[in-house]
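First the structure, in the form of structure tokens, and then the observations on it.
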Amino acid sequence: MCGIVGMVFKNPFSARDALTSLKRLEYRGYDSFGIADSNGRIQKFVGEIDETKAGDRLVNTTITHTRWATHGNVTEANAHPHTDCTGSIAIVHNGIISNFSEIREEMKAEGHRFASETDSELIAHFFEGKNIADSIPPFFAKFKGEYAVLLIKKGEDAIYAFKRGSPLVLGIAQDGYVLASDIYAFSDRTGNAVFFNEDEFAVVGKNGYEFYKVNGKLEPSEKQVTAFKWMAEETKKDYEHYMMKEIKEIPEASRRLLDSLEAEQRESVESIVSLVRNAKRIVFVASGSSYHASLLGIQFLRRAGVEAHAIVASEFKNFTLIDENTLVVAVSQSGETMDVIEALHGIKARGVKIASLVNVPYSTVQRMSHSHINICAGQEVAVAATKTFVNQVLAMAYIASLLGYAMDMRSVTGVFNSVFAQEARIKDVAKTLATARDIYVLGRGFSYPVAREIALKLKEITYIHAEGMMAGELKHGTLSLIEQGTPVICLAPKGDNDIMSTAHEVAGRGANVIMFSDEARGGIKIDSTGKVSFSVMAAMAGQLLTYYIAREKGLPIDKPRNLAKSVTVK
Ligand code: G6P
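Position 417 (the sequence shown) corresponds to 416 in numbering that gives the first Met the number 0; numbering is contiguous.
Okay, structure coming up:
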């Protein structure tokens, strides 16, 4: 799972520019990176992208890659681009070739020599000595799995691009073309793009491009140019980390979302509301933080009298029986999570209606949906979802409010700023938790998904084992893990007496209880106006706590080890 960028321009450009565009996709993985140009030069490096590494030499055509390792360790040899035996073909690949082992054995028997342990290298060897376009249909017939591939030949200023499963888009700039995993890579250069469909192939030269549908043979395909608008990536401003900047943007981002839902997205909102009304039940499909937001969505819809469920995307097909009376709602920040896309592919063919909540416009999930809402959080750079989690929750609450869940959205978002008044207190608590081995986070009702979300944040960013649980389940097993000093965060909105009983139970067994509460009970005060605002604000407090623990431990907050923001493999 990775980010790929190809550039072919009329005038020579510096190799450093190619890496600068690649850096915009670093959230897809940051284990290693590399660049190949049409002069046959290839450079590979381990670690995060450093634009200066390629030097300022001039090039006409490049392909670049930033890697999140799947097959093969993080080494220079396994970094992309990969070449065939002759070195005249170079490729970059995002995806996974699922029948990699058998193809590798076959190619080995044919005499191919491999320089890496990757599945991707096989792609370059497949095309060795062949006409590229003629070999595309047999490639699609042979290679199983997901791939977005950019291929160049030494001495040719053209990029051959093809895809199945993994995303690929062509950006049309004034003096050339950029091919990339998504529009982020070129949104600073152009607002015009052509999106690849499944099983498509394109040849992109400096003076034009041609698309083909791969269907046993190549069939020319007419493509539409889409004009897109995207909030350009902002810098960290005065913040040390994107994560903190993005937490601090929550009040503004939430207002922007409500304004947009009431005005320019009104039609989309009405369309989703009518899809919900016409469905017998709603099934959310999502991963990670988006799944936790969906667990709140279920509860909001229930209060509006709508039956809803949420299924983790990677297990979707094992837990559902979808029929034409079901509305599937995909929730995804990136709109590119492969598990979500896979789940949607499975049901789309059966004519089931799909709605989505996404942050990145024109993403695959959005394009697969009959109706969609943009959560308008703006670009989120840090791997940890913060402002996007909050806006997903608010978008769901808003839809539920139109369906009958009585709630005043403006009064919910109006109090978010007060969380920041607790920052000094949160920082103090963080200091006491930096050496913890395990942290338990307990919630009930609306607070349960938040407990899970806080635990996920803690694991991702502080590397502390954390469990977010239904408070009522604790006594059925996990209670035996509570020892003298074990940190237990209890999420206690006003009036939740049951969670207070649980807090007493764990305190009685020696736990270090940290209350997140809207009453003065020590711990961290959440000045909420009700249960919805409490859940969002408790999540924000948990994000701040996570941030300060990780800072105390000196960890790489925006890019935690082994993770990536957008997970585009199964
Ligand atoms: C990755 C990210 C998580 C995110 C999850 C789902 O694992 O690190 O922060 O929640 O993907 O991503 P999505 O873009 O579908 O919301």
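Beta carbons are placed, not taken as given, at the ideal position from N, Cα and C, and that holds for glycine.
{"query": "Length of the line joining the Cα atoms of Leu24 and Gly2", "result": "6 Å"}
{"query": "Which of helix, strand or coil DSSP assigns to Phe138", "result": "helix"}
{"query": "Distance cut-off 7 Å: Gly467 Cβ against heavy atoms of the ligand G6P", "result": "no"}
{"query": "Limits of the alpha helix (DSSP H) - the one that Ala396 falls within", "result": "Lys386 to Leu401"}
{"query": "Check: Trp67 C-beta below 7 Å from any heavy atom of the ligand PLP", "result": "Of the ligands this structure carries, namely the ligand G6P, none is the ligand PLP."}
{"query": "C-beta contact flag for Ala78 and Ala14 at 8 Å", "result": "no"}
{"query": "Proximity of Val418 and Met514 at Cβ, strictly below 8 Å", "result": "no"}
{"query": "Any non-hydrogen atom of the ligand G6P closer than 7 Å to Lys564 Cβ", "result": "yes"}
{"query": "Environment of Glu263 [buried if 16+ CB atoms lie within 10 Å]", "result": "exposed"}
{"query": "Residue(s) in a DSSP beta bridge with Asn373", "result": "Val357"}
{"query": "Tyr238 - DSSP class collapsed to helix/strand/coil", "result": "coil"}
{"query": "Own chain residues within Cβ distance below 6 Å of Asp83, not counting five before or after", "result": "Ala123, His124 and Glu127"}
{"query": "Cut-off 6 Å between Cβ atoms - residues of its own chain near Thr387, not counting five sequence neighbours on either side", "result": "Gln332, Asn358, Ala376 and Glu379"}
{"query": "Separation of Arg56 from Pro137, as counted between CA atoms", "result": "37 Å"}
{"query": "Three-state secondary structure assigned by DSSP to Gln42", "result": "strand"}
{"query": "Close beta carbons around Tyr547, own chain, < 7 Å, minus the five adjacent residues each side", "result": "Ile425, Lys426 and Ala429"}
{"query": "Counted within 10 angstroms of its Cβ, other Cβ atoms place Val224 as buried (16 or more) or exposed", "result": "exposed"}
{"query": "Close Cβ partners of Lys569 (< 6 Å) along its chain, the five nearest in sequence each way excluded", "result": "Met337"}
{"query": "Nearest-angstrom beta carbon gap, Thr434 and Arg27 [assumed within contact, 8 Å]", "result": "So it is not a contact: roughly 33 Å between Cβ atoms."}
{"query": "Runs of alpha helix (DSSP H) wholly within the region 43-124 (minimum 4 residues, chain order)", "result": "99-108"}
{"query": "Local conformation of Val4 per DSSP, three classes", "result": "strand"}
{"query": "Test: Gly403 CB closer than 8 Å to a CB of chain D", "result": "Any reference to chain D falls outside this structure, which holds one protein chain only."}
{"query": "Contact test: Ser259 Cβ vs the ligand G6P heavy atom, cutoff 7 Å", "result": "no"}
{"query": "For Phe210: DSSP bridge partner residues", "result": "Ala201"}
{"query": "DSSP three-state assignment for Pro250, whether helix, strand or coil", "result": "helix"}
{"query": "Option nearest Ser286 by Cα separation, candidates Asp258, Met243 and Gln391", "result": "Gln391"}
{"query": "Own chain partners of Val487 with C-beta closer than 6 Å, once the 5 adjacent residues on each side are dropped", "result": "Tyr439, Val505, Ala510 and Val512"}
{"query": "Cβ pair Phe464, Asp497 closer than 8 Å", "result": "Residue identity differs from the one stated: residue 464 is His in this sequence, not Phe. For His464 and Asp497, no; Cβs fall outside 8 Å."}
{"query": "Backbone CA spacing between Asp16 and Gly541 [nearest angstrom]", "result": "38 Å"}
{"query": "Anticipated Cβ contact below 8 Å, Asn98 with Gly144, distance rounded", "result": "7 Å"}
{"query": "Within 8 Å, strictly: CB atoms of Leu167 and Val203", "result": "no"}
{"query": "Residue range of the unbroken beta strand (DSSP E) whose run includes Thr325", "result": "Thr325 to Ser331"}
{"query": "The ligand G6P heavy atom lying under 7 Å from the CB of Ala384", "result": "yes"}
{"query": "Contact test: Val148 Cβ vs the ligand G6P heavy atom, cutoff 7 Å", "result": "no"}
{"query": "Simplified DSSP state of Arg550, which is helix, strand or coil", "result": "helix"}
{"query": "First through last residue of the alpha helix (DSSP H) which encompasses Ile346", "result": "Met337 to Lys347"}
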